[in-house]
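To start, the structure itself, in structure tokens.
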């Protein structure tokens, strides 16, 4: 199972085994990782599951679709070139070892 | 000491976790009458029904995550009475559980079809996971699906059934879809959407009777005398608040369990939250009942604060969403009282918003395939910023410029 590490804004981190096909958001919420609100439940409709994906992983995660791109304009902490919505990133074996950073807040 | 939460849906789970985050150190018991750990309901009419979602993906948390927070979750546990004098709830098993604080998050149940023949085995409803499992299995073998009710549940089921290649008819007693929630321009957009996908819409007729056929199918008779044959009938005609437990204990009830702006019932040791409450929100003059994730979560937080001894008034902005086919409808605010509206963008482009005003003040916004505009509307409304109808009508005007500088 791919391992993904979530790093809190405070610096603390947790590594979780994520079943292939699950989204990063689901993995975080199911494991009680703080800092991912996901109030719409994964519908690409709320921008409260914002994560920062380091540049070296950018070509391994799925590309940003237009709906996600629009919503990234509405995150609580302004978007950066690393910004993604974790509900739109399905985990595959290619993402084994991924580390994502969480923003200071989601709302 | 213990806090007992009756009902393990979204509001119940929210209260349990908010109590722990708020530093409560006593026992927290989360009692659910279903066999499942707390799960998300919205996907039941969408992804889950379309059969590409396993049960465990519906769960909010694995049970171990609740245990880790020292939340005692008990499935298949029905509360039959509240003994307020003794400060105890009575379980169906006869066991009595003492509480220092009690939260009622009992939710709703579906309104049953009030017609002869409604007990036919091909009649389904959709509220909980058991309903969804039964509906999903019956949908798989059905060719013709009849949906009673052109509201959110009925239309989401219709879209899912149509996507699965079923013949779908929707019967609505009013003259348009989602009539209680959205403006005619939105109803019309969704009517065209469903028709475009091949759904037959029947307006201003009601179901009057259901008769079984020898092959297991049914024949529905409508108020205009016509009949519709179907292998599966799905009824989505609204829900009723589960308030009997509260009423039997002498708590005040109306269209739901009556709570104040702090989610407190008429007994100060008992709070209630979510779909089951007839509640006060500081944003609105009149009490209301809302069936939504937003209300479950936000009112749940308020209820937990009250149990912790902190009176925090409920004033969150309501929001809702519905997914039908590839179209996302998102709503913010309560728009029913509007006296004017402005459509921003073109319905023909399948991406537009409707801004509702009363006396020039923004009441709410419905967005179709414009999630960013929905989020922006939420930001504006939560800050009390009301754009003028003229500004909204001008698509060249960037509404974001109305936000205060970060």
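Chains as they are written, first to last, in the numbering used here: chain A, 1 to 107; chain B, 1001 to 1406. By construction, the Cβ of each residue, glycine as well, lies at the ideal position given by its N, Cα and C atoms.
Check, Outcome
"Touch test, the segment 1100–1108 of chain B against the segment 1134–1143 of chain B, Cβ-Cβ under 8 Å, three pairs minimum", "no"
"Enclosing alpha helix (DSSP H) for residue 71/A [first to last residue]", "66–71"
"Coil, strand or helix - residue 1265/B by DSSP", "coil"
"Spatial distance of residue 1115/B from residue 27/A (CA atoms)", "45 Å"
"Terminal residues of the beta strand (DSSP E) in which residue 1358/B lies", "1352–1358"
"Host alpha helix (DSSP H) of residue 1256/B (start-end)", "Premise fails: residue 1256/B lies in the beta strand (DSSP E), 1256–1258, not in any alpha helix (DSSP H)."
"Selection of the segment 1358–1378 of chain B by Cβ proximity to chain A, strictly under 9 Å", "1369, 1370, 1371, 1372, 1373, 1374, 1375, 1376, 1378"
"Start-to-end residues for the alpha helix (DSSP H) that takes in residue 1018/B", "1010–1021"
"Residue from 1021/B, 1024/B, 1038/B whose Cα sits closest to the Cα of residue 1007/B", "1038/B"
"Spatially closest choice to residue 79/A from 49/A, 12/A, 16/A, by CA coordinates", "49/A"
"Where the segment 51–71 of chain A meets chain B: residues whose CB sits under 7 Å from a CB there", "67, 70, 71"
"Three-way DSSP call (helix, strand, coil) for residue 1157/B in this model", "helix"
"Span separating the alpha-carbon of residue 1206/B from that of residue 1227/B", "11 Å"
"Between the CA atoms of residue 1335/B and residue 1190/B - distance to the nearest angstrom", "18 Å"
"8 Å Cβ cutoff met for residue 1378/B and residue 1317/B", "yes"
"Among 1211/B, 1224/B, 1215/B, 1314/B, the one whose alpha carbon lies nearest that of residue 1259/B", "1314/B"
"Limits of the beta strand (DSSP E) - the one that residue 1331/B falls within", "1327–1333"
"The segment 1126–1137 of chain B touching the segment 1215–1223 of chain B, judged by at least three CB pairs closer than 8 Å", "no"
"Completely contained alpha helix (DSSP H) runs for the segment 1054–1128 of chain B, where each covers 4 or more residues", "1055–1058, 1063–1068"
"Residue 1300/B: first and last residue of the uninterrupted alpha helix (DSSP H) it sits in", "1293–1307"
"6 Å Cβ shell around residue 1110/B - same chain, five flanking residues per side excluded", "1125, 1127, 1239"
"Contact set between residue 26/A and chain B, taken where Cβ atoms lie within less than 7 Å", "1057"
"Whole-angstrom distance between residue 1040/B and residue 1059/B, CA atom to CA atom", "6 Å"
"Sufficient close CB pairs (3 or more, under 8 Å) joining the segment 39–48 of chain A to the segment 1319–1329 of chain B", "yes"
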